[in-house]
Amino acid sequence: MIKITLNDLFDLQTSVIYNPDEYKQVTSVVIDSRKVNPNSLFVAVTGEKFDGHDFAISTLKNGASSIMINKSQLSKFSKVKNTIIAVDDTVKAFGELANAWRKKLNAKVISITGSNGKTTTKEILYTILSEKYNVVRTISNNNNHIGVPLTIYSANGRTEYLILEHGTNHFNEIAYTAGIASPDYGLITNIGNSHLEYLKNKSGVFNEKKVLIDKVFLNKGIVFINSDDKFLKNYLPDYKKRITFGFNPKAEIEGKISGYSNIGRPFIQIKYGKKNFEFQSPLYGISNAKNILAAISLCLKLGLNEKQIFSGIKKIKAVKGRLQVEEYSKLILINDTYNANPESMKAAIDVLKRIKVYKNKYLVLGDMFELGRMAIEYHKELAKLVSIVKPAKVFLIGSHMKYLASELDNKKVDCKYFANRNMLIKLLNKFDFSESIVLIKGSRGMKMEEMVEAIKMGMK
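Counting in my numbering, the sequence shown runs from 2 upward without gaps.
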């Protein structure tokens, strides 16, 4: 059991401790008032829709042993007899204390980031690595300044490996969360055109993401380099604890796609030293083949054998809304609604192209967000990829998808643009998609999962 001592709290940069004689060693740190238990510390975090300070006193009544609050709120807690940790900023102190928790763990920390595939790679790695070890990982995409500390607090003395996902859409966010995590192993899946509104261009994306690898390097840990990515392949070339993986013969852990099944799932060969094995991917698409290779590269270096790897592969399932292929009677639905950028759009359209079960192929596409000044151009460029599929029809929604609609009209692709989402939902609900393959994709804010539900409802 991991414990936070009074000295750990005194060591926080801006902390002042009230009623220290009442302190009981903390064995859990929570920000959700519903999750308090005896010997827990409740940290009052202020969010967009709530203020944890409003619940702090009730958490003490429900069993919390102590609370952490902002100094500006101290006057509200003058009658509290329990230990109070007052700090300048509870969010920063929450992260700082998570680093103290991390240092008490015996677990090795694996940190993952990247423009595309980080959540899927994390889930694949967790599934396979669990064949041998006690593993804790980021739940869902809890990968920001709050989510990374929360995941660290969920690990305990029995945890052998802790897998952390690190997200970002602004500069210096990886530096913050990687500083808290202090990783032993680091992996960047790829560098793509994501969050360009804030990170400006691919070079900006690279400069933000590579900070994670830099942190592992400073910790003298092992870095895993995607040698297929032009931004990553030559990074830290002289570092002795640098492992390369990729679909090229120069990678230390080499992958190869030897073919595809009729339903579009690739057969993957992996060569590492004297080891050479092949399997059919449980997931669809080239992008997922790359995610699987990345995860297996880590597993090979962490001592798993082929039997354990194959056993784990059989248990891999698609992450909801991420190239999730759902088969129904006379319909295949590709649900890739979680998010979208130019690279992930290309990957999804490639999956649609490779599934040969039905001739009729449809696309339902929503806007890609956070692309900055290149947004219109990136939407227009999708026309070439879409036209190669030779779709029966394309349905588009969003202020930027109207530019793709114009390009598709020029290419004589049957396309219908909707300015009103309710009209699109109504049409999809009534449209006959029998003996068809349908791809639904767009950025998170477009709520494209509603289009998926409209099609499903129409099937009933």
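No residue lacks a Cβ here, since even glycine has one placed at the ideal position from N, Cα and C.
Since this is a predicted model, take the numbers as computed values, not measurements.
D89 carries a coil assignment under DSSP once its states are collapsed to helix, strand and coil.
Taking the Cα positions, I192 is about 6 angstroms away from F207. Note that the C-beta distance between Y199 and N173 is not below 7 angstroms. In its chain, beyond the 5 residues on either side, K109, V110, I111, V217, N220, G222, I223 have a beta carbon closer than 8 angstroms to the beta carbon of D185.
Around the beta carbon of M369, 16 or more other beta carbons lie within 10 angstroms, which makes this residue buried.
With a 10 Å radius around the Cβ and a threshold of 16 neighbouring Cβ atoms, N292 comes out buried. DSSP places D9 inside the alpha helix (DSSP H), whose first and last residues are 7-11. Closest in alpha carbon position to N263, among I441, L353, R103, is L353.
When the Cα atoms are used, Y261 and L42 turn out to be separated by approximately 52 angstroms. Annotated as proximal: A45 and T91, with beta-carbon spacing under 7 angstroms. Looking at L366, I377, C416, A455, the one whose alpha-carbon comes closest to that of G446 is L366. Secondary structure at D351: helix, using DSSP grouped into helix, strand and coil.
At the C-beta level, I254 and Y273 come within 7 angstroms of one another. Contact between K412 and S388 holds, with the beta-carbon distance rounding to 5 angstroms and staying under 8 angstroms. Note: I293 is not bridge-paired with any residue in the DSSP secondary-structure output. Assignment of beta strand (DSSP E) within the stretch 54-142, counting only whole runs of 3 or more residues, yields 67-71, 84-88, 109-114, 136-138 in chain order. Residue burial is scored here from C-beta neighbours: N342 has at least 16 other C-beta atoms within 10 angstroms and is therefore classed as buried. For G313, same chain residues with a beta-carbon under 6 angstroms away, outside a window of 5 residues either side, are T128, I129, E132 in chain order.
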